[in-house]
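Below is one structure, written out as structure tokens; the observations come after it.
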Amino acid sequence: MGGEALRRLSLAVLAWMRLAHVFQKVNRASAAYLRAYGLSVAQFDVLAQVGAAEGITQQELADLLLVTKGNICQLLGRMEQRGLIERRQEGRANRLYLTDSGRRLADKVVAGQEALIGEQFAALAPAEQRQLLALLRKLDHTLG
Numbered sequence: 339m340g341g342e343a344l345r346r347l348s349l350a351v352l353a354w355m356r357l358a359h360v361f362q363k364v365n366r367a368s369a370a371y372l373r374a375y376g377l378s379v380a381q382f383d384v385l386a387q388v389g390a391a392e393g394i395t396q397q398e399l400a401d402l403l404l405v406t407k408g409n410i411c412q413l414l415g416r417m418e419q420r421g422l423i424e425r426r427q428e429g430r431a432n433r434l435y436l437t438d439s440g441r442r443l444a445d446k447v448v449a450g451q452e453a454l455i456g457e458q459f460a461a462l463a464p465a466e467q468r469q470l471l472a473l474l475r476k477l478d479h480t481l482g
């Protein structure tokens, strides 16, 4: 896109394009880090969410991850086969727990992921990171 065309774009469109560009860069670095552990970004998200709230129901997890019931079933099935999580039937709900292997992996990978993201955002001072978070929250809430 040429300079003249960029000048004609609205500030909102420019901000959106920059946000998408930054997201892609951070997401690529994150995916590469997780691949070294044989995890997808979605599997990492499951490890982190279940590790933070063991006993969470399968439906609660699906709601947090914004995925369909079918998608979460396939994702959890693969992770169960790898011995990372276990589902325990409790009434009509499946509750999710990390296995010992899943917990060890989560402890290692979550800390590494946190360090990686910290490095990616190191160009911003802590006050700027707080400001960015506040602005993104505001935008997120207004979008519904």
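For the sequence shown, my numbering gives the first residue as 339, with consecutive numbering after it. Built from N, CA and C at the ideal position, the CB exists for glycine as well.
Selection from the options that minimises the alpha carbon distance to residue i
| i | options | result |
| --- | --- | --- |
| Gln397 | Ala391, Thr406, Gly389, Ala390 | Thr406 |
| Leu372 | Ala472, Ala449, Ala460, Arg468 | Ala449 |
| Ser368 | Val379, Ala358, His359 | Val379 |
| Arg366 | Ala472, Arg468, Gln451 | Gln451 |
| Asp383 | Leu471, Ile455, Ala444 | Ala444 |
| Ala391 | Leu474, Tyr435, Glu466, Gly421 | Tyr435 |
| Gln387 | Ala374, Gly376, Tyr375, Leu404 | Leu404 |
| Phe361 | Leu474, Arg468, Leu481, Gln381 | Leu474 |
| Gly376 | Leu422, Ala472, Thr480, Gln469 | Leu422 |
| Arg433 | Lys446, Ala400, Val447 | Ala400 |
| Leu477 | Trp354, Leu402, Arg346 | Trp354 |
Assigned exposure category for residue i - 16 Cβ within 10 Å defines buried
| i | result |
| --- | --- |
| Val351 | exposed |
| Gln427 | exposed |
| Gly389 | buried |
| Gln412 | exposed |
| Leu470 | exposed |
| Leu347 | exposed |
| Leu385 | buried |
Same chain, Cβ closer than 7 angstroms to residue i, neighbours up to 5 away in sequence not counted
| i | result |
| --- | --- |
| Gln458 | Val364, Ala367 |
Beta-carbon contacts of residue i that lie in its chain and below 6 angstroms, excluding the five residues immediately before and after
| i | result |
| --- | --- |
| Ala431 | Thr395 |
| Leu481 | none |
| Are the region 417–427 and the region 437–456 in contact at 8 angstroms, needing three or more beta carbon pairs? | yes
| task | Could you name each continuous alpha helix (DSSP H) segment of 4 residues or more that falls completely within the region 351–423, going from the start of the chain to the end? | result | If we require 4 residues or more, the alpha helix (DSSP H) runs fully inside the region 351–423 come out as 379–390, 396–403, 407–419.
| query | Going along the chain, which unbroken runs of the alpha helix (DSSP H) with 4 or more residues stay wholly within the region 418–465? | reply | 438–458
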